[in-house]
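Engineer:
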Amino acid sequence: MLINPDRFRQSIEEMARIGATKGGGVHRLTLSDADKQARDLFAKWADDAGLELQIDEMGNMFARRSGREDDAPPAMAGSHLDSVPNGGRFDGSLGVLAALEAVRTLNDKKILTKRPIEIVNWTNEEGPRFPPSMMGSGVFAGAISLEAAYEARDSEGARLLDELERIGYRGDAPCVPKSIGSYLELHIEQGPALVSEGIQVGVVEGIFGLTWLRVTMKGERDHAGPTPMHMRRDAMVGAARTIAAIREIPGKLHPEFVATVGEFSLSPNAINVIPDEVMFSVDFRHSEPELLNKARKLIEEAAQREAAKENLEVEIQEVGGSTPTAFDESVAQAVRSACEESGYSHRSMWSAAGHDARYAADLGPTAMIFVPCVAGKSHSEEEDMDWEDAYRGCDILARALVKMADS
Ligand code: HGY
Ligand code: MN
Ligand code: MN
Numbered sequence: 273m274l275i276n277p278d279r280f281r282q283s284i285e286e287m288a289r290i291g292a293t294k295g296g297g298v299h300r301l302t303l304s305d306a307d308k309q310a311r312d313l314f315a316k317w318a319d320d321a322g323l324e325l326q327i328d329e330m331g332n333m334f335a336r337r338s339g340r341e342d343d344a345p346p347a348m349a350g351s352h353l354d355s356v357p358n359g360g361r362f363d364g365s366l367g368v369l370a371a372l373e374a375v376r377t378l379n380d381k382k383i384l385t386k387r388p389i390e391i392v393n394w395t396n397e398e399g400p401r402f403p404p405s406m407m408g409s410g411v412f413a414g415a416i417s418l419e420a421a422y423e424a425r426d427s428e429g430a431r432l433l434d435e436l437e438r439i440g441y442r443g444d445a446p447c448v449p450k451s452i453g454s455y456l457e458l459h460i461e462q463g464p465a466l467v468s469e470g471i472q473v474g475v476v477e478g479i480f481g482l483t484w485l486r487v488t489m490k491g492e493r494d495h496a497g498p499t500p501m502h503m504r505r506d507a508m509v510g511a512a513r514t515i516a517a518i519r520e521i522p523g524k525l526h527p528e529f530v531a532t533v534g535e536f537s538l539s540p541n542a543i544n545v546i547p548d549e550v551m552f553s554v555d556f557r558h559s560e561p562e563l564l565n566k567a568r569k570l571i572e573e574a575a576q577r578e579a580a581k582e583n584l585e586v587e588i589q590e591v592g593g594s595t596p597t598a599f600d601e602s603v604a605q606a607v608r609s610a611c612e613e614s615g616y617s618h619r620s621m622w623s624a625a626g627h628d629a630r631y632a633a634d635l636g637p638t639a640m641i642f643v644p645c646v647a648g649k650s651h652s653e654e655e656d657m658d659w660e661d662a663y664r665g666c667d668i669l670a671r672a673l674v675k676m677a678d679s
């Protein structure tokens with residue numbers, strides 16, 4: 273291997289102590305104190321590796337290593353250090369720290385690449401605290417407005433801009449599209465394909481589109497006892513029937529179509545009061561835009577229908593969305609040939625998870641590298657992986673990054 277597996281593992285394990293949860297995962301919501309600590313640690317390691325750190329208006333962190341042709345568009349590699357609530361210790365961190373290990377390896381071997389190399393830690397990849405997901409990379413690519421991102425609020429009403437300033441990561445570099453030489457992201461697959469097929473590396477050639485909605489149904493609060501059933505406007509019933517209907521939609525569209533209701537809240541949430549307001553989210557994904565559009569129509573129709581039955585008001589708000597995107601063949605080829613050089617089994621695939629690579633792809637040639645994680649499980653404290661898979665992924669990233677930096 274080119275890389276130093278022990279040094280890589282130590283960095284992953286030290287980073288995993290930040291926001292560590294009892295269940296073996298990490299709780300590192302974007303712009304939280306734990307996120308700040310993770311950013312500070314990454315900044316220290318970047319400095320130790322002689323990299324020049326730039327922070328932009330969205331808090332995206334770019335750690336830069338000079339190249340022979342230093343004003344050529346950079347070869348970039350990175351991922352994110354924020355997590356979902358009580359998430360896993362590899363989701364995101366693996367990609368940021370593998371890029372760091374690749375640079376540390378180039379330093380050890382005194383290799384100077386043609387292009388400069390930039391390691392990226394993107395702000396708010398996950399999204400649950402401040403939707404939409406992939407927000408830092410989305411603003412960077414011009415797909416999300418900086419103002420809209422700054423005004424995003426979390427469930428306690430905290431504003432993204434205030435949190436960014438509070439942790440000291442509102443940089444002054446403009447967060448605007450710039451051309452990039454290439455972008456690579458190493459990530460755990462977070463699904464069952466590689467594990468079930470016993471394949472070592474996924475050459476990721478595209479990424480699903482995803483849409484995030486929040487559906488709010490409003491009825492009438494009333495007493496659970498004396499209010500006859502026929503006189504009720506029960507928001508819970510309308511929401512529950514809509515959620516059940518949503519579950520049937522993927523089966524009507526495509527075997528790979530997915531839909532999830534992950535957020536749910538209601539008022540007043542009291543055992544003897546008929547709920548007057550219920551909010552639930554819908555996250556749906558696929559590689560074909562027309563199926564995403566069809567699903568959106570079916571979800572809206574179900575919500576309208578069930579609301580009408582209970583005489584409820586219904587509001588549907590889009591809180592995030594990105595279109596399906598094919599990645600770049602030349603970058604995928606760099607990954608494939610790195611696998612062939614190393615004798616690792618590999619297969620082409622698309623990502624059903626969202627990643628910052630989605631937006632990097634709008635700015636320059638991009639592809640991803642997947643490695644298996646235990647049982648394909650992720651977005652949970654049980655997320656785990658075999659260290660040999662982590663080392664293989666890191667080595668492939670390093671090899672492919674050098675190819676792209678010398679292209
Ligand atoms: O939702 C996603 O797919 C990503 O983990 N943010
Ligand atoms: Mn991730
Ligand atoms: Mn994730």
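Under this note's numbering, read the sequence shown as residues 273 to 679, first letter to last. Glycine is no exception: its CB is placed at the ideal position from the N, C-alpha and C atoms.
1. Could you tell me which of M640, V411 and R504 sits nearest to G331, measuring between CA atoms?
2. Taking all protein chains shown into account, decide if A580 is buried (16 or more other Cβ within 10 angstroms of its Cβ) or exposed.
3. In this structure, what does DSSP give as the bridge partners for Q326?
4. According to DSSP, is G478 part of a helix, a strand, or is it coil?
5. Which runs of the beta strand (DSSP E), 3 residues or longer, sit entirely within the stretch 488 to 561?
6. Flag this pair as yes or no: are the beta carbons of E535 and F556 separated by less than 8 Å?
7. Would you say E397 touches ligand 2, meaning its beta carbon is less than 7 Å from a heavy atom?
8. Of all the alpha helix (DSSP H) runs that stay within the bounds of the stretch 556 to 597, which reach a length of 4 or more residues?
9. For a test of your reading of the model: does the CB of H299 fall under 7 Å from any non-hydrogen atom of ligand 3? Yes or no.
10. Determine the extent of the alpha helix (DSSP H) in which T377 is found, giving its start and end residues.
11. Given E341, which residues of its chain have a CB within under 7 Å of its CB, disregarding the five upstream and five downstream residues?
12. To the nearest angstrom, how far is the alpha carbon of T638 from that of H627?
13. S365 and I284 - do their beta-carbons sit closer together than 8 Å?
14. Could you check which residue in G470, R671, R425 and R513 has the C-alpha nearest to that of A610?
15. According to DSSP, is M273 part of a helix, a strand, or is it coil?
16. Of all the options H558, A321 and I416, which has the alpha carbon lying nearest to the alpha carbon of L378?
17. Roughly how many whole angstroms lie between the Cα atoms of P561 and A567?
18. Going by DSSP in three states, L635 sits in which element: helix, strand or coil?
19. Verify the contact flag: G626, CB atom, against every heavy atom of ligand 1, threshold strictly below 7 Å.
20. Could you tell me which whole alpha helix (DSSP H) segments of length 4 or greater appear in the stretch 424 to 475?
21. Taking a cut-off of 5 Å, which residues have a beta-carbon closer than that to any heavy atom of ligand 2, in chain order?
22. According to DSSP, simplified to helix, strand and coil, what is G339?
23. Using 10 angstroms around the beta-carbon of V448, count the other beta-carbons present and answer buried if the total reaches 16, otherwise exposed.
24. Is the CB-CB distance between G408 and W394 below 8 Å?
25. With a threshold of 16 other CB atoms inside 10 Å of the CB of A420, please say whether the residue is buried or exposed.
26. Whose CA, out of Y616, Y422 and G463, lies closest to the CA of L669?
27. Measuring only the C-alpha atoms, how far is A606 from E492?
28. Have a look at the DSSP bridge pairing and note the partners of V356.
29. What does the alpha-carbon distance come out to for the pair L563 and F529?
30. Within 10 Å of its beta-carbon, does I391 have 16 or more other beta-carbons around it, so buried, or fewer, so exposed?
31. Taking the alpha carbon of W317 as the point to measure from, which residue in A370, A445 and R513 has its own alpha carbon closest?
32. Between the Cα of K612 and those of E573, E587, D667 and A647, spot the shortest distance and give me the residue it belongs to.
33. Taking the alpha carbon of L432 as the point to measure from, which residue in A445, I460, I515 and P403 has its own alpha carbon closest?
34. What number of angstroms, rounded off, separates the C-alpha of S623 from the C-alpha of L325?
35. Does DSSP classify I416 as helix, strand or coil?
36. Would you say I479 and T293 are within 8 Å of each other, going by their C-beta atoms?
Structural biologist: So, from the listed chains and residues:
1. V411
2. exposed
3. F334
4. strand
5. 530 to 532, 536 to 539 and 549 to 558
6. no
7. yes
8. 561 to 581
9. no
10. S365 to D380
11. K386 and R387
12. 12 Å
13. yes
14. R671
15. coil
16. A321
17. 10 Å
18. coil
19. yes
20. 432 to 438 and 465 to 469
21. D363 and G364
22. coil
23. exposed
24. yes
25. exposed
26. Y616
27. 59 Å
28. Answer by DSSP bridge pairing: none, since V356 is not bridged.
29. 8 Å
30. buried
31. A370
32. Sequence check: residue 612 is Glu here, not Lys. Looking at the Cα atoms, D667 is the closest of the given residues.
33. P403
34. 30 Å
35. coil
36. no
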